[in-house]
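Novice: Mind looking over this structure? Questions follow.
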Amino acid sequence: MEIKKTALAGTLESSDVQIMVSQGTNGLEFDLVSDVAKQFGEQIQATIEDVFAAYDIQNAVIKVVDQGALDPVIKARAITVCQRALDQVDQPQWEVL
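Residue numbers 145 to 241, in this note's numbering, belong to the letters of the sequence shown in order.
This is how it looks when you write it as structure tokens:
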């Protein structure tokens, strides 16, 4: 699916993650800012990639600012940002959960 609009989900509060997505042309391009990127950067990216694959989003620029979020929080924020970017807020894909 193609990104219809730039979208944002999450906050910059402790134990949260903020994800912003916009249209891209070269696959999934990540910009990850996190104090724990060395230890958990690959896992954060993999969690987000799994959600984007479930929504069949193949091209996007993804900016992630992690404040120590746990995996379920990252997944929830990724689902939210995908629904907003695809303009599907009123028609969630429950199978993604």
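Ideal placement from N, C-alpha and C gives every residue a C-beta, glycine not left out.
Considering Glu173, what are the terminal residues of the beta strand (DSSP E) in which it resides?
Specialist: Element bounds for Glu173: 172-177.
Novice: Answer yes if the segment 168-178 comes into contact with the segment 218-229, meaning at least three C-beta pairs across the two stretches below 8 Å, and no otherwise.
Specialist: no
Novice: Is Ser178 near Ile163, with beta carbons less than 8 Å apart?
Specialist: no
Novice: Look at the alpha carbon of Leu176 and the alpha carbon of Gly185, and state the distance between them as a whole number of angstroms.
Specialist: Taking the CA atoms as reference points, Leu176 sits about 8 Å from Gly185.
Novice: In whole angstroms, give me the CA-to-CA distance for Ala213 and Met145.
Specialist: Near 27 Å, if we compare the C-alpha coordinates of Met145 and Ala213.
Novice: By Cβ distance below 8 Å, which residues in the same chain neighbour Glu193 in space, the five residues on each side in sequence not counted?
Specialist: Leu172
Novice: Spatial neighbours of Arg221 within its chain, please: CB distance less than 8 Å, with the 5 preceding and 5 following residues excluded, ordered by chain position.
Specialist: The answer, listed in chain order, is Ala153, Gly154, Asp160, Val161, Gln162, Ile163, Ala213.
Novice: Leaving out the 5 sequence neighbours to the left and right, which residues in its chain are closer than 6 Å to Val208 when beta-carbon positions are compared?
Specialist: These residues qualify, in order along the chain: Ile163, Leu176.
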